[in-house]
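In the order they appear, the protein sequences are chains R and C.
The opening residue of the first sequence carries number 1 in the UniProt record's numbering; numbering runs sequentially from there.
The opening residue of the second sequence carries number 1 in the UniProt record's numbering; numbering runs sequentially from there.
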Amino acid sequence: MAYSDKVIDHYSNPRNVGTLDKSKKNVGTGLVGAPECGDVMRLQIEVDEATNTITDAKFKTFGCGSAIASSSLATEWLKGKTVDEALAIDNMEIVEELALPPVKIHCSVLAEDAIKSAISDYRVKNGLPALELSHH
Amino acid sequence: MLKLPIYLDNNATTPLDPRVLEAMMPYLTEVFGNAASRNHPFGWAAEEAVDYSREQIAKLINCDPKEIIFTSGATESDNLGIKGVFEMYSQKGNHVITATTEHKAVLDTCKHIEKLGGRVTYLPVNEQGLISLEELEAAMTPQTILVTIMYGNNETGTIQPIREIAKIAHAHGALFMTDGTQAVGKVPVDVIADGIDIMAFTAHKMYGPKGVGALYVRRKNPRVKVTAQMDGGGHERGMRSGTLNVPGIVGLGKACELARLEMEADTARLSAMRDRLERELLTLEESYVNGSREHRLPHVTNISFKYVEGEGLMMGVKDLAVSSGSACTSASLEPSYVLKALGLSDDLAHSSLRFGLSRFTTDEQIDYAINHVKEAVTKLREMSPLWEMFKEGVDLSKIEWAEH
């Protein structure tokens with residue numbers, strides 16, 4: 001399979017690999033996918049509660065190059081966004097940015113799910129109702 | 001300077017040995033005759049070359065030159081052997097026994113004869129990749145006409161107990177066929193001592209050209225016949241019509257000659273190199289060799305790296321041409337059926353790499369491969385949430401994964 005230059009770049013130099021302290025109230029964690037499906041993504045956000053802005057984002061992904069690139073790109077995009085702006089990220093934007101082929105669209109879907117799941121976790125920790133997560 | 005990528009996929013195909021090419025060249029140019037032309041020197045020269053090749057092949061596997069039927073490759077040979085026996089011995093029975101880890105050329109041919117009214121038993125294998133002789137014995141019936149079990153496996157290199165299998169087949173009056181594609185030229189295969197009645201093999205797995213193979217068909221004790229699957233001029237004792245591929249056959253013969261003369265030295269060198277590669281890669285935590293380490297081909301190892309995803313791993317080892325146990329370049333994510341048959345979970349099957357060494361593999365290439373794989377696995381694990389959870393002692397099987 002031929003990967004786009006951007007996928008290769010994110011795979012070779014992934015941004016924001018790591019772990020945030022999930023015991024902190026202002027850190028939201030999303031863990032999506034399943035090992036037997038070949039993709040597991042964990043995406044974490046740290047939110048400045050005063051401004052509702054995402055100040056840090058980290059990921060770890062078990063998956064193919066496109067899955068790694070999708071989550072790496074997502075963390076780049078998340079930083080500096082408000083939580084509401086982050087919620088608006090659509091998987092097709094990731095598909096376009098990384099030029100993912102049709103068989104890899106599910107990687108972008110998973111990244112979107114991971115973002116929403118992390119936001120939902122943050123909301124629950126802060127006394128807000130969980131997001132209605134649509135599982136694709 | 002080391003040339004990249006490094007080719008370590010020699011179970012898929014091997015490069016042509018320059019000595020084989022040299023032997024073939026005249027038959028691609030001035031000696032172009034048809035080996036079946038009996039009336040002039042062009043034909044005689046071609047026939048002589050074919051006869052010499054037959055002798056070289058016969059010496060390698062300890063048979064009579066007349067027992068070699070030339071084909072286009074191992075897939076055709078497997079088809080001819082299985083379908084040919086099924087048709088030829090239909091008066092005697094319709095039952096064939098094979099194993100789940102066979103190559104598709106055998107499995108799909110067996111599926112085909114099932115459609116024609118044949119009955120096929122697919123024996124399972126243990127975690128070493130070996131069939132059970134007791135299960136084979138129990139599967140034998142008076143209708144069993146053929147037992148076909150591969151010599152060495154293409155994915156793991158596991159060598160089956162060929163002699164014992166042959167004895168059981170013969171004790172019940174069945175023929176024993178083996179797909180020797182990966183084994184011939186790599187380990188000593190002796191059709192007499194091993195009790196093989198029919199054997200498929202090919203040139204391009206032993207440094208010969210693509211597009212030429214052979215089927216060994218025993219002529220005495222017992223005299224075996226297979227029904228031709230290709231009608232025409234009645235070449236190859238009526239079992240395989242079609243003008244002989246003289247340059248290819250010369251290449252196969254030369255490859256067999258070299259294999260016979262150099263097998264011992266190649267085996268010693270390759271198994272030492274393979275063992276070093278394996279030993280080094282097993283220093284990575286949670287890495288496992290697939291298949292038997294005791295009964296296997298000298299140049300192959302198949303290793304799974306847990307908590308690393310297969311396709312990501314293939315991308316990480318881009319400087320190596322290797323195979324993965326995963327056919328996940330499509331959306332289907334089908335793990336290798338051979339590794340699954342050994343009892344591997346899907347994720348372990350996906351995260352496996354098959355290394356196949358050749359006569360031309362160097363120590364320098366192996367050094368590079370060791371470092372390259374170690375780096376890729378380590379990097380991917382640092383990026384893997386599963387690895388982190390494993391390191392924290394989380395039982396991954398207890399997690400409720402959100403399917404997508």
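Glycine is no exception: its CB is placed at the ideal position from the N, C-alpha and C atoms.
Here the structure is a predicted model, which is why all the values come from computation and not from measurement.
>> Following a CB-centred definition, is T121 (chain C) positioned closer than 7 Å to any heavy atom of the ligand ATP?
In response: Among the components modelled here there is no ligand, and therefore nothing to report on the ligand ATP.
> Is the shortest distance between the beta-carbon of P35 (chain R) and the beta-carbons of chain C less than 8 Å?
Replying inline: Residue 35 (chain R) sits at position 35 when you count from the first residue of the first sequence. Answer yes: the Cβ-Cβ gap between P35 (chain R) and chain C drops below 8 Å somewhere.
> Rounded to the nearest angstrom, how far is the Cβ of I168 (chain C) from that of M150 (chain C), given a contact under 8 Å?
Replying inline: For this step, residue 168 (chain C) is matched to residue 168 along the second sequence. For this step, residue 150 (chain C) is matched to residue 150 along the second sequence. That pair is no contact at about 16 Å.
> Taking just the CA atoms, how far does R15 (chain R) sit from V83 (chain R)?
Replying inline: Taking the first sequence and counting its residues from 1, one reaches residue 83 (chain R) at position 83. Taking the first sequence and counting its residues from 1, one reaches residue 15 (chain R) at position 15. Distance between the alpha carbons of V83 (chain R) and R15 (chain R): 20 Å.
> What three-state label does DSSP hand D395 (chain C) in the structure shown?
Replying inline: To locate residue 395 (chain C), count along the second sequence from 1; it is residue 395. Of the three classes helix, strand and coil, the one that applies to D395 (chain C) here is coil, per DSSP.
> Of the residues C:Y307, C:F390, C:P385, which one's Cα is nearest the Cα of V32 (chain R)?
Replying inline: Counting from one through the first sequence, the residue named residue 32 (chain R) turns up at place 32. Among C:Y307, C:F390, C:P385, the Cα nearest to that of V32 (chain R) is on C:P385.
> Can we say the stretch 251 to 258 of chain C touches the stretch 18 to 25 of chain C, given the rule of at least three CB pairs closer than 8 Å?
Replying inline: yes
>> I'd like to confirm the pairing. Which residues does DSSP put opposite R354 (chain C) in its beta bridges?
In response: Position 354 of the second sequence, counted from the first residue, corresponds to residue 354 (chain C). Answer is C:N302, C:S323.
>> Given this structure, state the Cα-to-Cα distance separating E309 (chain C) from N153 (chain C), to the nearest angstrom.
In response: Residue mapping note: residue 309 (chain C) aligns to position 309 of the second sequence, counting from 1. Residue mapping note: residue 153 (chain C) aligns to position 153 of the second sequence, counting from 1. So the two alpha carbons sit approximately 24 Å from each other.
> Can you check whether the CB of A67 (chain R) is closer than 8 Å to the CB of I94 (chain R)?
Replying inline: Locating residue 94 (chain R) in the first sequence gives position 94, where the first residue counts as 1. Locating residue 67 (chain R) in the first sequence gives position 67, where the first residue counts as 1. The answer is no: Cβ separation not under 8 Å.
>> I'd like to know if C64 (chain R) contacts chain C, where contact means its C-beta is closer than 8 Å to some C-beta of that chain.
In response: Position 64 of the first sequence, counted from the start, is the residue given in the question as residue 64 (chain R). At least one chain C Cβ lies under 8 Å of C64 (chain R).
> To the nearest angstrom, how far is it from the Cα of M199 (chain C) to the Cα of V224 (chain C)?
Replying inline: Counted from its first residue, the second sequence places residue 199 (chain C) at position 199. Counted from its first residue, the second sequence places residue 224 (chain C) at position 224. Whole-angstrom Cα-Cα distance: 12 Å.
> To the nearest angstrom, how far is it from the Cα of A50 (chain R) to the Cα of L353 (chain C)?
Replying inline: One-based indexing of the first sequence puts residue 50 (chain R) at position 50. One-based indexing of the second sequence puts residue 353 (chain C) at position 353. Straight-line Cα distance between these residues: approximately 50 Å.
> Is the CB of P5 (chain C) under 8 Å away from at least one CB in chain R?
Replying inline: Counting from one through the second sequence, the residue named residue 5 (chain C) turns up at place 5. Answer no: the Cβ-Cβ gap between P5 (chain C) and chain R never drops below 8 Å.
>> So, for N39 (chain C): in the same chain, excluding its five sequence neighbours on each side, which residues have a beta-carbon less than 7 Å away from its beta-carbon?
In response: To locate residue 39 (chain C), count along the second sequence from 1; it is residue 39. Counting only Cβ-Cβ distances below 7 Å, and skipping sequence neighbours, we find nothing.
> Does the separation of the CB atoms of A193 (chain C) and I159 (chain C) fall below 8 Å?
Replying inline: Here residue 193 (chain C) corresponds to residue number 193 of the second sequence, with the count starting at 1. Here residue 159 (chain C) corresponds to residue number 159 of the second sequence, with the count starting at 1. Result no, Cβ atoms of A193 (chain C) and I159 (chain C) do not sit closer than 8 Å.
>> Comparing C-alpha positions only, which one of C:K104, C:G238, C:S241, C:E264 sits nearest to L60 (chain C)?
In response: Translated into the one-based positions of the second sequence, residue 60 (chain C) becomes position 60. Of the candidates C:K104, C:G238, C:S241, C:E264, the one whose C-alpha sits nearest the C-alpha of L60 (chain C) is C:E264.
> Does the beta-carbon of Q365 (chain C) have 16 or more other beta-carbons within 10 angstroms, so that it is buried, or is it exposed?
Replying inline: Here residue 365 (chain C) is taken as the residue at index 365 of the second sequence, counted from 1. Classification of Q365 (chain C): buried, given that the 10 Å Cβ count is 16 or more.
> For a contact meaning CB atoms closer than 7 Å, what does E137 (chain C) contact in chain R?
Replying inline: Residue mapping note: residue 137 (chain C) aligns to position 137 of the second sequence, counting from 1. Correct list: empty, because the minimum Cβ distance to chain R is about 36 Å.
> What residues from chain C crowd round Y11 (chain R), counting only those whose CB sits closer than 9 Å?
Replying inline: Indexing the first sequence from 1 puts residue 11 (chain R) at position 11. Neighbours of Y11 (chain R) on chain C, chain order: G312, M315, G316.
> So, do the stretch 173 to 181 of chain C and the stretch 117 to 135 of chain C have three or more beta carbon pairs nearer to each other than 8 Å?
Replying inline: no
> Can a CB atom of chain C be found closer than 8 Å to the CB of G38 (chain R)?
Replying inline: Within the first sequence, the letter at position 38 stands for residue 38 (chain R). So, interface residue.
>> From the DSSP secondary-structure annotation, give me the bridge partner or partners of K220 (chain C).
In response: The count along the second sequence starts at 1 and reaches residue 220 (chain C) at position 220. According to DSSP, which records beta bridges pairwise, K220 (chain C) is partnered with nothing at all.
> So, is the C-beta of R42 (chain R) closer than 8 Å to a C-beta in chain C?
Replying inline: One-based indexing of the first sequence puts residue 42 (chain R) at position 42. For R42 (chain R), the answer is yes, since a Cβ of chain C falls inside 8 Å of its Cβ.
> When you compare only the Cα positions, how much space is there between P26 (chain C) and E311 (chain C)?
Replying inline: Your numbering for residue 26 (chain C) matches position 26 in the second sequence. Your numbering for residue 311 (chain C) matches position 311 in the second sequence. One C-alpha to the other measures close to 44 Å.
> From what residue to what residue does the alpha helix (DSSP H) around A23 (chain C) run?
Replying inline: Position 23 of the second sequence, counted from the first residue, corresponds to residue 23 (chain C). From DSSP, the alpha helix (DSSP H) with A23 (chain C) extends over 18 to 28.
>> Beta-carbon within less than 8 Å of Y122 (chain R)'s beta-carbon, same chain only, minus the 5 sequence neighbours each way: which residues are those?
In response: As a position in the first sequence, residue 122 (chain R) is number 122, starting the count at 1. Around Y122 (chain R): N26, V27, G28, I45, V47, V83.
>> Applying the 10 Å Cβ sphere with the 16-neighbour rule, what's the burial state of V124 (chain R)?
In response: On the first sequence, residue 124 (chain R) is found 124 positions in, with the first residue counted as 1. Exposed.
>> For a cutoff of 8 Å on Cβ pairs, would you count K60 (chain R) as touching chain C?
In response: Here residue 60 (chain R) is taken as the residue at index 60 of the first sequence, counted from 1. By this cut-off, K60 (chain R) is an interface position.
> To the nearest angstrom, how far is it from the Cα of A369 (chain C) to the Cα of L284 (chain C)?
Replying inline: If you number the second sequence from 1, residue 369 (chain C) lands on position 369. If you number the second sequence from 1, residue 284 (chain C) lands on position 284. A369 (chain C) and L284 (chain C): Cα-Cα distance of roughly 14 Å.
> By Cβ distance below 8 Å, which residues in the same chain neighbour R219 (chain C) in space, the five residues on each side in sequence not counted?
Replying inline: In the second sequence, the residue the question calls residue 219 (chain C) occupies position 219. Excluding sequence neighbours, R219 (chain C) sits near D64, K66, E67.
>> By alpha-carbon positions, which one of C:E286, C:G84, C:V212 ends up nearest to R54 (chain C)?
In response: Here residue 54 (chain C) is taken as the residue at index 54 of the second sequence, counted from 1. The shortest C-alpha separation from R54 (chain C) is found at C:V212.
>> If distances are taken between C-alpha atoms only, which option among R:N91, R:G63, R:T55 comes closest to residue 138 (chain R)?
In response: Within the shown structure, residues of chain R are numbered from 1 to 136, placing residue 138 (chain R) beyond reach of any answer.
> Which term fits G393 (chain C), buried or exposed, when burial requires 16 or more other beta carbons within 10 angstroms of its beta carbon?
Replying inline: Residue 393 (chain C) sits at position 393 when you count from the first residue of the second sequence. G393 (chain C) is exposed by the Cβ-count criterion.
> Grouping DSSP H, G and I as helix and E and B as strand, with all else coil, what is V27 (chain R)?
Replying inline: Walking along the first sequence from the start, residue 27 (chain R) turns up at place 27. Correct three-state label for V27 (chain R): strand.
>> To the nearest angstrom, how far is the alpha carbon of T8 (chain C) from that of G185 (chain C)?
In response: Mapped onto the second sequence, residue 8 (chain C) falls at position 8. Mapped onto the second sequence, residue 185 (chain C) falls at position 185. The residue you asked about is not Thr; residue 8 (chain C) is Leu in the sequence shown. If you take the alpha carbons of L8 (chain C) and G185 (chain C), they lie about 18 Å apart.
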